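Heads up: the structure comes next, in structure tokens.
What follows is the structure in structure tokens.
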């Protein structure tokens, strides 16, 4: 079995991709699915598995970090507990998870990781989006569906260790959508190009590059009035919320 790795997902067309551990590669089809987009859910052979909150957090941590030192996992999940007690809590939590799941958490020396039989939805989303961007036989509708919004990363959890992963996912989604908007516009699919650009804007309403894509698409389609309206919206949003005006790159489109 291939062991979990850390690193970066290959860049696709200049897109800034999501660093971090990849889904464990299994020699056999995965028998467990771990969902972290939109909320936590674990299924084994299609059956929902109920876990205690701390057990959910251990599973999610290992899904996002890959192979992790036991001491680091314990310190992350029990930050206000002394090391010896935190390590004891980790051992108990691992035992309880494995008793319920049939051994989805495995140890290797001082490290702990998920079994290769676990498929994690966030990496399936990334793989699907990347495959869509690479494919030469894709269709516009399939592209947007693959890149599209599948929910925030564990939105109801307040753990500090999730902040970086959430931002990585947000940035990946924004760059993929903006690149897709450009591609759809180049191919003359202006409606789908706008859909992708507005999807990026829904993720971050203050993102100037997403506003700029909308202006560019309207200009490419020959809709000058729509482009000017989009520029005014961009300018007003940036002034109202950030106290700045659009950059020269955006303003130059309207000259």
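Residue numbers (my numbering): 9 to 263. Note that the Cβ used here is the ideal one computed from N, Cα and C, for glycine as well. Predicted, not measured: the structure shown is a model, and the values here were computed from it.
- Per the coordinates, the alpha-carbon of residue 73 lies some 28 Å from the alpha-carbon of residue 207.
- Per DSSP, reduced to three states, the secondary structure at residue 219 is helical.
- Under the three-state reduction of DSSP output, residue 128 falls in the strand class.
- Residue 123 is classed as buried because its beta carbon has at least 16 other beta carbons within 10 Å across all chains shown.
- For the options 238, 232 and 212, the alpha carbon positioned closest to that of residue 220 is the one of 238.
- For residue 69, the enclosing alpha helix (DSSP H) covers residues 61 to 73.
- About 7 Å separates the Cβ atoms of residue 177 and residue 130, confirming a contact at the 8 Å cut-off.
- Ranked by Cα distance from residue 251, the first of 243, 71 and 79 is 243.
- Residue 42 is bridged by DSSP to 50 and 128.
- Residue 57 places its beta carbon less than 9 Å from that of residue 50.
- The Cβ atoms of residue 79 and residue 139 do not sit closer than 9 Å to each other.
- Between residue 261 and residue 235, the C-beta spacing is below 9 Å.
- Judged by DSSP secondary structure, residue 122 falls within the beta strand (DSSP E) whose first and last residues are 119 to 122.
- Taking C-alpha positions only, residue 212 is separated from residue 40 by approximately 33 Å.
- For the pair residue 71 and residue 44, the CB atoms are nearer than the 9 Å cut-off.
- Counting the other Cβ atoms within 10 Å of the Cβ of residue 53 gives fewer than 16, which makes it exposed.
- Setting aside the 5 residues that flank it on each side, residue 159 is surrounded in the same chain by 45, 46 and 47, each with a C-beta closer than 8 Å to its C-beta; the list follows chain order.
- DSSP places residue 172 in the uninterrupted alpha helix (DSSP H) bounded by 171 to 194.
- Within a 10 Å sphere around the beta-carbon of residue 61 sit fewer than 16 other beta-carbons, which makes this residue exposed.
- Per the C-alpha coordinates, the member of 241, 93 and 227 positioned closest to residue 215 is 241.
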